[in-house]
Amino acid sequence: MFNSQSNARIRRLENRVAALEAAVVALGGRLPAPEELLSDRVKAIADRGKLVAAIKAHREDTGAGLVEAKEVVEAYARRG
1 MFNSQSNARI RRLENRVAAL EAAVVALGGR LPAPEELLSD RVKAIADRGK
51 LVAAIKAHRE DTGAGLVEAK EVVEAYARRG
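According to full-length UniProt numbering, the stretch in the sequence shown is residues 1 to 80, in order.
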């Protein structure tokens with residue numbers, strides 16, 4: 001699907017994100033759980049059991065990809 005140049009760029013970006021996350025923790029912060037980042041609108045939709053609509057709304061709100069949005073919304077629904 002991706003060429004080797006794209007895969008290398010993805011790995012570099014993943015490493016940068018991991019380093020930034022570690023820096024936040026080292027500075028005494030805490031990383032929010034992904035579901036803490038859901039808007040009230042998305043939470044309300046998910047609370048009504050409309051997970052597909054909640055996933056779509058989260059993607060509209062954040063620009064998240066389908067897999068990421070699905071994981072976050074489903075994690076919220078499991079906790080709720």
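We put the CB at the ideal spot given by N, CA and C, even for glycine.
message = Just to confirm my understanding: we take Ala54, look at its own chain, exclude 5 residues before and 5 after, and list those with CB closer than 6 Å. What are they?
response = Within the sequence shown, numbered from 1, the residue matching residue 54 stands at position 54. Only Val42, Ile45, Ala46, Val73 meet the Cβ criterion.
- Using three-state DSSP, classify Leu27 as helix, strand or coil. Here the question's residue 27 lines up with position 27 in the sequence shown. Assignment of Leu27 by DSSP, reduced to helix, strand and coil, places it in the coil class.
Pairwise C-alpha distance: Ala69 and Ala22
Numbered from its first residue, the sequence shown carries residue 22 at position 22. Numbered from its first residue, the sequence shown carries residue 69 at position 69. Our two residues, Ala22 and Ala69, have alpha carbons roughly 23 Å apart in a direct line.
Q: Determine the DSSP secondary structure at Arg48, reduced to helix, strand or coil.
A: Here residue 48 refers to the residue found at position 48 when the sequence shown is read from its first residue. Coil at Arg48, not helix or strand.
message: I need the DSSP call for Leu37, collapsed to helix, strand or coil.
response: Position 37 of the sequence shown, counted from the first residue, corresponds to residue 37. Here Leu37 sits in helix by DSSP.
(request) Ignore the nearest five residues each way along the sequence and tell me which others in Asn15's own chain have a CB closer than 7 Å to its CB. (result) Your numbering for residue 15 matches position 15 in the sequence shown. Excluding positions up to five away in sequence, the list is empty.
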